[in-house]
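Those protein sequence lines, which keep their order, are chains F and U.
Heads up, the first sequence is in the working numbering, so the first residue is 1 and it goes up one at a time.
Heads up, the second sequence is in the working numbering, so the first residue is 1001 and it goes up one at a time.
For each residue, glycine too, the CB sits at the ideal point set by N, CA and C.
As the structure is a computational prediction, the values presented were derived from the model and not from experiment.
One structure below.
There are 2 protein chains.
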Amino acid sequence: MPKLDASLIAGLPPFEGLEKDELEQVLAPARSLRFEREKPIFEQEAEAHFFFVLLDGHVRVVRTTPEGQQVIVRYISEGEVFGIATALGRTAYPATAIAAVDCVVLAWPSALWPELSTRFPALGANTYRTVGSRLQEAHTRVIEMSTEQVEQRVAHALLRLVRQTGRKTGEGIEIDFPITRQDIAEMTGATLHTVSRLMSAWEGEGIVKSGRKRVTISDPHRLMLKAESREQR
Amino acid sequence: MPKLDASLIAGLPPFEGLEKDELEQVLAPARSLRFEREKPIFEQEAEAHFFFVLLDGHVRVVRTTPEGQQVIVRYISEGEVFGIATALGRTAYPATAIAAVDCVVLAWPSALWPELSTRFPALGANTYRTVGSRLQEAHTRVIEMSTEQVEQRVAHALLRLVRQTGRKTGEGIEIDFPITRQDIAEMTGATLHTVSRLMSAWEGEGIVKSGRKRVTISDPHRLMLKAESREQR
DNA sequence: CGAGAAATTGAAAAGATTCAACTCTCGTGG
DNA sequence: CCACGAGAGTTGAATCTTTTCAATTTCTCG
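The structure is reproduced here in structure tokens:
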């Protein structure tokens, strides 16, 4: 096993506030893993033997209902921790994580969490801060689903994706990984048909440009207007 | 200030695993407060100066959108921690907490969290376990809102309330605090009209019994059937 | 180049909301 | 102690958003 270098993780949010030698100590028990596009990194209900930091790529976190319906919980971007069930006192992963593109991750054995988070309090604090924002995000989503129409929800979802993973191109900001209408539907609680109709309409208005598994926002400002307008109920 | 007794909190989930003398140390910096029905305990956006444990009563946690729409995030029951923004690295409360009935709470200054959670690791672990289940719960709610119809969502919400706060009566299990159709609507992302129609129908079928601000489930089993049936999309 | 996945689009149907009017209940103050 | 008024709940009818069903087209990758 090649020794991992502290520069790999220096500057990533979870490790903010750690010294170089601390980074090395944190890194020592970690292993680096690669996952091909569409391969699962861990499965819902499986025992949470590891927790992860995403070094490169994008990960889709999906929860499946007993009836087999899927909902996309979130996308993980570079530098984020995920699979941290153990930090929240759970022994099993509550969702499945799938590499949306080819990915490189660091994995730590869950059993080390108590020791690591005590020895490096900043690591614990950073992680729990992340948990806090995810909890808020989840509530925000509940609120959106309660109070907004599909059009607003889809607009908000696209804007969030663009903010997290947008990549500038000549025609606007492109979402950095393959994403289907079905995926967007699973993020917003809509059907792929409705999403498709919306995107077609927006394409006509020159707000987005999209093709097979690709979405580019050409006019984020006007998309924001779509996201804000008509909040009632 | 009267000295608080360890027996007040012994056996409550957040303090599981602490010895009697540890309980006393934890309790020392806490103060006990009373809130009348419908009085706010803390307000959304306000600085999170305290975190709380509910000793008696029920608390409604509400988030308000910039447009003024309200959504009920959850109800807190006896023995639960709440207002723990500080444990998640936030300086402001993300929601408003309102006493649903007359309440007694313990309050600790947020500034003590780092010290308390380090000195009493069990306290930290218990709290983060709670956070973990709330995160899961929030995701469950997102999933319900994505995949279920209003009827299933309302049934699920009632069942959850009954499980958390149910009190056996002659006619079934009653929800232990005043709750309006509007409240149920704000928990499920429906309108009070739809909720009212559903409850009327269920009352006709002998599944629930309800009056002004009161709901009793007379036949939980048949309500479960309503909650489960017809999951599609 | 061919095949399967992804996307589009029309038409019909359904669920839930909106609008509106009305009733009931309970607490309060004269 | 009773009447009154506001908050809570009910219910019909019309409307609308979104889904469902179905058929077709487009894309891309092996």
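| query | result |
| --- | --- |
| Limits of the alpha helix (DSSP H) - the one that F/ALA125 falls within | 121-147 |
| Proximity below 8 Å, CB of F/ALA99 to CB of F/PHE82 | no |
| Short-range partners of chain F found in the stretch 1085-1097 of chain U, where Cβ spacing is below 9 Å | ALA1085, ALA1087, LEU1088, GLY1089, ARG1090, PRO1094, ALA1095 |
| 8 Å contact criterion, which U/VAL1026 and U/PHE1015 should meet: CB distance rounded | 7 Å |
| Nearest residue (CA-CA) to F/GLY57, options F/ALA185, F/ARG134, F/LEU33 | F/LEU33 |
| Segment contact flag, the stretch 1105-1120 of chain U with the stretch 1043-1054 of chain U, C-beta cutoff 8 Å, min 3 pairs | yes |
| Below-8 Å beta-carbon distance, U/GLN1136 vs any chain F residue | yes |
| is_contact[F/ILE143, chain U] using C-beta, thresh 8 Å | yes |
| Alpha-carbon to alpha-carbon, U/ARG1141 and U/GLN1069 | 18 Å |
| Any 3 or more C-beta pairs closer than 8 Å across the stretch 141-153 of chain F and the stretch 172-184 of chain F | no |
| Contact check, F/ILE84 vs F/VAL61, beta carbons under 8 Å | no |
| Within chain F, the residues that U/HIS1193 reaches when beta carbons sit closer than 7 Å | By Cβ distance, chain F contributes nothing, its closest Cβ being about 12 Å from U/HIS1193, past 7 Å. |
| Which listed residue (U/TYR1128, U/ILE1041, U/LYS1213, U/GLU1038) has its alpha carbon closest to that of U/ILE1179 | U/LYS1213 |
| Where U/GLN1152 meets chain F, residues with beta-carbon distance less than 7 Å | Those do not exist, as U/GLN1152 stays about 11 Å from chain F at its closest Cβ, beyond 7 Å. |
| Collapsed DSSP secondary structure at U/ALA1185 in the structure displayed | helix |
| Contained beta strand (DSSP E) runs [length at least 3] in the stretch 1003-1060 of chain U, N- to C-terminal order | 1031-1035, 1040-1042, 1050-1056 |
| Any chain F beta carbon closer than 8 Å to U/ARG1301 | With chain U covering 1001 to 1233 only, the question about residue 1301 of chain U has no answer from this structure. |
| N- and C-terminal bounds of the beta strand (DSSP E) containing U/SER1210 | 1208-1211 |
| Residue-chain proximity (F/VAL53, chain U), Cβ-Cβ < 8 Å | no |
| Identity of the residues DSSP links to F/THR91 by a beta bridge | According to DSSP, which records beta bridges pairwise, F/THR91 is partnered with nothing at all. |
| Bridge-paired residues (DSSP) for U/VAL1105 | U/LEU1033, U/LEU1054 |
| Residues bridged to U/ALA1071 [DSSP beta-bridge criterion] | The sequence given here has Val at residue 1071 of chain U, not Ala. Answer is U/ARG1063, bridged to U/VAL1071. |
| Contact list for F/VAL71 against chain U, beta-carbon separation under 9 Å | HIS1139, VAL1142, ILE1143, SER1146, THR1147 |
| Within-8 Å CB hit, F/GLY206 to chain U | no |
| Same chain, Cβ closer than 7 Å to F/VAL154, five either side skipped, listed in chain order | ILE184, THR188, ALA190, VAL195, LEU198 |
| Segment limits, alpha helix (DSSP H) that includes F/GLY204 | 192-204 |
| 8 Å Cβ shell around U/THR1127 - same chain, five flanking residues per side excluded | PRO1014, VAL1081, ILE1084, ALA1087, SER1117 |
| 8 Å Cβ cutoff, F/VAL62 in contact with chain U | no |
| Whole-angstrom distance between F/GLN182 and F/ILE72, CA atom to CA atom | 10 Å |
| Between the CA atoms of F/ALA125 and F/GLU19 - distance to the nearest angstrom | 15 Å |
| Supposed close pair F/LEU8, F/LEU55 - CB separation, criterion 8 Å | 7 Å |
| Buried or exposed by the 16-neighbour rule on C-beta atoms within 10 Å, applied to U/SER1218 | buried |
| Buried versus exposed call for F/THR91 [16 or more other C-beta atoms within 10 Å across all chains shown] | exposed |
| C-alpha distance - F/PHE120 paired with F/GLU24, whole-angstrom precision | 12 Å |
| Other residues of its chain near F/MET145: CB distance less than 6 Å, five sequence neighbours each side excluded | GLY189 |
| Beta-bridge pairing of U/VAL1154 - partner residues as DSSP gives them | According to DSSP, which records beta bridges pairwise, U/VAL1154 is partnered with nothing at all. |
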